[in-house]
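Visitor:
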Amino acid sequence: MSFQKPPGTQDIMPGSTELWQYVENTARDICRRYGFGEIRTPIFEATELFKRGVGETTDIVEKEMYTFEDRGKRSMTLRPEGTAGVVRSYVENKLYGEPDVSKLYYIGPMFRYERAQAGRYRQFHQFGVEAIGSVDPALDAEIIALGYGFYRELGLQGVTVDLNSVGTPAVRAAFREKLLAYLEPMRDSLCDDCKSRMARNPLRVLDCKVDQDKFTNAPSIIDSLDEECEAHFARVRECLDEMGIPYNLNSRLVRGLDYYTHTAFEYKAQGIGAIDTIGGGGRYNGLVAEIGGDDKPGVGFGLGLERTLLLLESQGIKPDLAAQADVYVVTLGERAEKAASALLQRLRVAGIAAERDYLGRKTKAQFKAAERSGASFAAVLGDDELDRGEISLRSVTGGDQQAVKLEDLANTIKNKLKSEKGNNHS
RNA sequence: GAGGCCAUGGCGAAAAGGCAAACGCGGCGGAUUGUGACUCCGCAAGUACCAGUUCGAGUCUGGUUGGUCUCCCCA
0 MSFQKPPGTQ DIMPGSTELW QYVENTARDI CRRYGFGEIR TPIFEATELF
50 KRGVGETTDI VEKEMYTFED RGKRSMTLRP EGTAGVVRSY VENKLYGEPD
100 VSKLYYIGPM FRYERAQAGR YRQFHQFGVE AIGSVDPALD AEIIALGYGF
150 YRELGLQGVT VDLNSVGTPA VRAAFREKLL AYLEPMRDSL CDDCKSRMAR
200 NPLRVLDCKV DQDKFTNAPS IIDSLDEECE AHFARVRECL DEMGIPYNLN
250 SRLVRGLDYY THTAFEYKAQ GIGAIDTIGG GGRYNGLVAE IGGDDKPGVG
300 FGLGLERTLL LLESQGIKPD LAAQADVYVV TLGERAEKAA SALLQRLRVA
350 GIAAERDYLG RKTKAQFKAA ERSGASFAAV LGDDELDRGE ISLRSVTGGD
400 QQAVKLEDLA NTIKNKLKSE KGNNHS
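Each residue of the first sequence is one higher than the one before, starting from 0 at the first, in numbering that gives the first Met the number 0.
#1: Would the beta-carbon of residue 304 fall within 7 Å of that of residue 381?
#2: Rounded to whole angstroms, what is the Cα-Cα separation between residue 1 and residue 75?
#3: Have a look at 106, 275, 321, 385 and flag the residue whose alpha-carbon is nearest the alpha-carbon of residue 329.
#4: Below 8 Å, how does it come out for the stretch 246 to 256 and the stretch 196 to 211: are there three or more Cβ pairs, yes or no?
#5: Compute the Euclidean distance between the alpha carbons of residue 64 and residue 417, then round it to the nearest angstrom.
#6: What ranges does the alpha helix (DSSP H) occupy inside the stretch 254 to 305, keeping only unbroken runs of at least 4 residues that lie completely in it?
#7: Please determine if the stretch 217 to 224 and the stretch 170 to 187 are in contact, where contact requires at least 3 C-beta pairs separated by less than 8 Å.
#8: Buried or exposed for residue 350, please, with buried defined as at least 16 other CB atoms from any protein chain shown within 10 angstroms of its CB.
#9: Does residue 411 come out as helix, strand or coil in the three-state DSSP assignment?
#10: If you run the structure through DSSP and keep just helix, strand and coil, what is residue 41?
#11: Leaving out the 5 sequence neighbours to the left and right, which residues in its chain are closer than 6 Å to residue 313 when beta-carbon positions are compared?
#12: Do you know offhand how far residue 425's Cα is from residue 57's?
#13: Determine the closest residue to residue 261 out of 168, 343, 205, with distance taken between C-alpha atoms.
#14: My guess is that residue 358 and residue 376 are in contact by the Cβ rule of under 8 Å, so how many angstroms apart are they, rounded?
#15: Starting from residue 151, follow the alpha helix (DSSP H) in both directions and report where the run begins and ends.
#16: Rounded to whole angstroms, how far is the Cβ of residue 251 from the Cβ of residue 179, which I believe are closer than 8 Å?
#17: Output needed for residue 23: all residues of its chain with C-beta closer than 7 Å, excluding positions within five of it in sequence on either side, in chain order.
#18: Taking all protein chains shown into account, decide if residue 265 is buried (16 or more other Cβ within 10 angstroms of its Cβ) or exposed.
#19: Counting only runs of 3+ residues fully inside the stretch 371 to 408, write out the beta strand (DSSP E) ranges in chain order.
#20: Identify, in the order they occur along the chain, each residue of the same chain with its Cβ nearer than 7 Å to the Cβ of residue 259, setting aside the five sequence neighbours on each side.
#21: Have a look at residue 127 and residue 334 and give me their C-alpha separation to the nearest angstrom.
#22: Grab me the residues of residue 340's own chain with a C-beta within less than 7 Å of its C-beta, minus the 5 sequence neighbours each way, in chain order.
#23: Quick one: using the 10 Å Cβ neighbour count with 16 as the cut-off for buried, is residue 72 buried or exposed?
#24: Identify every run of the beta strand (DSSP E) within the stretch 311 to 374, keeping only runs that are complete inside it and at least 3 residues long; order them along the chain.
#25: In whole angstroms, give me the CA-to-CA distance for residue 103 and residue 77.
#26: State the start and end residues of the unbroken alpha helix (DSSP H) segment that holds residue 426.
#27: Over the uninterrupted beta strand (DSSP E) stretch that includes residue 103, give me the two end residues.
#28: Using the DSSP secondary-structure output, state which residues sit across from residue 174 in a beta bridge.
#29: What residues in its chain sit with their C-beta under 6 Å from that of residue 196, if we drop five residues either side in the sequence?
#30: With distances taken from CA atoms, which of 146, 120, 16, 13 is nearest residue 239?
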């Protein structure tokens with residue numbers, strides 16, 4: 000009898016968790032500088048929250064949710080995205096009563112029942128930010144800048160920002176009619192996918208990969224914006240220009256969630272199979288009211304961390320990650336083996352990453368293990384050393400060894416590590 | 001929801017339906033009771049699962065499971 004992980008999930012193992020931590024730390028640090036505080040909400044919520052928040056007719060709600068009934072006969076759903084839960088929490092915790100705009104970020108797993116492919120999993124992780132309580136276009140721009148900066152600070156090249164305004168629901172409804180009127184005469188010449196898009200989400204037809212040329216004269220949502228939308232969008236662009244954040248205006252950009260208004264944007268990059276969107280977001284001015292709170296405006300993004308990791312890999316970016324061990328204690332003989340526990344404990348309490356053998360292996364194998372451990376130093380402990388209250392310290396790669404008093408070992412190693420670091424930097 | 005490709009020790013990778021399933025890397029032991037790395041010898045470890053065809057299946061067929069990639073859609 001054996002078990003396998005569920006389809007579309009991943010075991011993230013030591014060796015790659017370090018890279019995850021690096022990415023997460025980069026996210027946390029940039030959020031701190033932009034004034035965002037971390038929020039941790041439940042991984043499952045009432046199913047109704049996502050139906051209301053994400054939209055009844057979206058693909059996510061219609062066919063991708065992990066929904067189950069709990070023992071109290073309540074319908075629950077593993078969160079497919081982060082915004083709905085954050086907004087629910089904002090309302091429930093009455094953050095609207097706080098004097099300032101609520102600037103929140105989260106990092107965690109999301110769940111969508113889809114067929115896995117390159118850069119797409121059933122359990123995946125997002126880093127997201129939400130700013131709730133202001134319509135200031137400067138916030139839209141700052142959030143776009145934050146995400147852009149995140150990718151840049153990771154060292155990624157070729158990440159671009161696509162920007163659009165999808166207006167208010169009223170503007171979008173009017174544009175939809177205009178677009179349908181344009182598409183209707185050419186319905187027969189559309190591909191099958193586009194025919195179904197016409198019914199479900201006509202704005203997506205313009206995105207069709209099969210035949211782009213035929214839509215050159217299609218109406219643009221940008222031209223359909225009212226004065227207020229126009230002004231907001233113009234100011235977002237101004238802010239981005241002033242901040243030096245590059246972007247591509249893309250009037251055909253549509254997001255897959257219903258709640259977006261005004262600003263919509265995506266981060267794109269090549270290098271993950273057929274997928275080029277690595278993150279996306281926008282403004283959601285009606286969402287808080289939809290979920291039962293005061294009518295507070297919001298703006299945010301969600302970035303796919305697996306996609307970020309895949310990009311790092313495809314661009315060959317390998318950050319310096321700390322070695323697992325500083326010193327490996329090699330024991331010779333039974334007495335030394337018994338003395339090792341206390342020695343390791345002293346070193347570890349003193350702040351040193353110390354490793355040893357637990358398999359009763361011979362000297363030769365212990366030295367090999369020392370090298371695998373990533374330790375800079377090997378400390379050899381045998382009967383001779385024990386009798387003198389000393390230990391032989393040497394570089395793990397060989398060379399001279401020096402006798403060090405057991406009680407001085409921690410400090411000696413610390414000093415050596417320090418000077419080693421200094422040398423590396425000079 | 002639809003489709004393509006794939007599945008052999010820990011990793012990589014051979015085996016035209018026919019010896020006991022190569023070989024390389026890595027692991028462990030020994031040569032070499034307390035100082036590895038070179039060398040030599042040895043050991044452990046594998047055909048995803050279930051049926052079928054066949055004298056004989058890792059190899060062919062069907063199914064299952066899983067992986068991977070693509071469409072749809074999305075992070």
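Even for Gly, the Cβ is constructed at its ideal location relative to N, Cα and C.
Remember, it's a predicted structure, so these values are computed and weren't measured experimentally.
Guide: For this structure:
#1: no
#2: 29 Å
#3: 385
#4: yes
#5: 51 Å
#6: 286 to 289
#7: yes
#8: exposed
#9: helix
#10: coil
#11: 270
#12: Annotation note: pLDDT 39 at residue 425 (below 50); position unreliable, no value reported.
#13: 168
#14: Contact doesn't hold; Cβ gap of about 21 Å is too wide.
#15: 136 to 152
#16: That pair is no contact at about 16 Å.
#17: 106
#18: buried
#19: 376 to 380, 389 to 394, 397 to 404
#20: 165, 281, 282, 283
#21: 54 Å
#22: none
#23: exposed
#24: 326 to 330, 353 to 355
#25: 20 Å
#26: Because the chain in this structure spans residues 0 to 425, residue 426 falls outside the shown range and cannot be described.
#27: 101 to 110
#28: According to DSSP, residue 174 bridges with nothing at all.
#29: 203, 204
#30: 146
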